[in-house]
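Here the working numbering = 1-based position in the sequence shown + 60.
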Amino acid sequence: MDQGVVGSFVLLVIVTLLSVIQNAFFASKVEHESKNHTGKSLQRAGPSAFERVSIANQNCRDAYPTFLAVLWCAGLLCSQAPAAFAGLMYLFVRQKYFVGYLGERTQSTPGYIFGKRVILFLFLMSVAGVLNYYLVLFFGSDFEMYIKTVTGTISPLLLIP
Numbered sequence: 061m062d063q064g065v066v067g068s069f070v071l072l073v074i075v076t077l078l079s080v081i082q083n084a085f086f087a088s089k090v091e092h093e094s095k096n097h098t099g100k101s102l103q104r105a106g107p108s109a110f111e112r113v114s115i116a117n118q119n120c121r122d123a124y125p126t127f128l129a130v131l132w133c134a135g136l137l138c139s140q141a142p143a144a145f146a147g148l149m150y151l152f153v154r155q156k157y158f159v160g161y162l163g164e165r166t167q168s169t170p171g172y173i174f175g176k177r178v179i180l181f182l183f184l185m186s187v188a189g190v191l192n193y194y195l196v197l198f199f200g201s202d203f204e205m206y207i208k209t210v211t212g213t214i215s216p217l218l219l220i221p
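This is how it looks when you write it as structure tokens:
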């Protein structure tokens, strides 16, 4: 495969593979809690550890296709590096959400809100890439460098809670 072609999406592949590893980690946590949960009939008030892990895993799996779609659209249509950075930030906050959900549900709220912000950023990057494509197609105006500059400048702002 041509190195130039691979170089245009290799960061997205790395983030995708890291997300697969993270999903495997979440699944192993569910399996571990499932083994610990069987046979325990006396529980403390509230949901069991297995139920919390299972719900957190399901919530992360529900958002996973959306994350992958906007990650790849933003990276291919707009700019790979800011999209990959935002993808890494999303994986970090998804981990924070998952671990927070295992404690108290209120601990998971910041990770959830931050994750929505990262998804929105990736979605806006995707829309900007699509708009630029049609601007070039219909009007001959290419704003790709401006969009890459703006997204590269804005992506570190994702670090602000």
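Ideal Cβ placement from N, Cα and C applies to all residues, glycine included.
It should be emphasised that the depicted structure is a prediction, and the values quoted were computed from it without experimental measurement.
### Query
For leucine 102, which residues of its own chain have a beta-carbon under 8 Å away from its beta-carbon, when the five flanking residues on both sides are left out?
In the sequence shown, counting from the first residue as 1, residue 102 sits at position 42. With a pLDDT of 45 at leucine 102, under the threshold of 50, the predicted position of this residue should be treated as unreliable, though the coordinate-derived value follows. Nothing meets the Cβ criterion.
### Message
According to DSSP, simplified to helix, strand and coil, what is phenylalanine 175?
### Response
Stepping through the sequence shown from its first residue, residue 175 is reached at position 115. The sequence shown places glycine at residue 175, rather than the phenylalanine named in the question. In the structure shown, glycine 175 adopts helical secondary structure according to DSSP, grouped into three states.
### As assigned by DSSP and simplified to three states, the class of arginine 104
As a first step, residue 104 must be located in the sequence shown, where it is residue number 44. Residue placement at arginine 104 is flagged as unreliable, the pLDDT there being 47, under the threshold of 50; the coordinate-derived value follows with that caveat. In this structure, arginine 104 counts as coil in the three-state DSSP scheme.
### Query
For glutamate 93, which residues from the same chain have a beta carbon less than 7 Å from its beta carbon, with the 5 sequence-adjacent residues on both sides left out?
Here the question's residue 93 lines up with position 33 in the sequence shown. The residues are Ala109, Phe110 and Val113.
### Query
Just checking, does the segment 194-206 make contact with the segment 141-157 on the three C-beta pairs under 8 Å criterion?
Pairwise C-beta distances place the segment 194-206 out of contact with the segment 141-157, as fewer than three of them are shorter than 8 Å.
### Task
Enumerate in chain order the residues of its own chain whose CB-to-CB distance from threonine 76 is below 6 Å, with the five nearest sequence positions on each side excluded.
In the sequence shown, counting from the first residue as 1, residue 76 sits at position 16. Excluding residues within five positions, none has a Cβ falling inside 6 Å.
### Query
Apart from the five residues on each side of it in sequence, which residues of its chain come closer than 8 Å, Cβ to Cβ, to leucine 72?
Residue numbering aside, residue 72 sits at position 12 when the sequence shown is read from its first letter. Cβ within range, chain order: Leu131, Trp132, Gly135, Leu136, Gln140, Ala143, Ala144 and Gly147.
#### Entry: alpha helix (DSSP H) segments (min. 4 residues) lying fully within the segment 127-202
Runs of the alpha helix (DSSP H) lying entirely within the segment 127-202 and spanning at least 4 residues, in chain order: 140-162 and 165-199.
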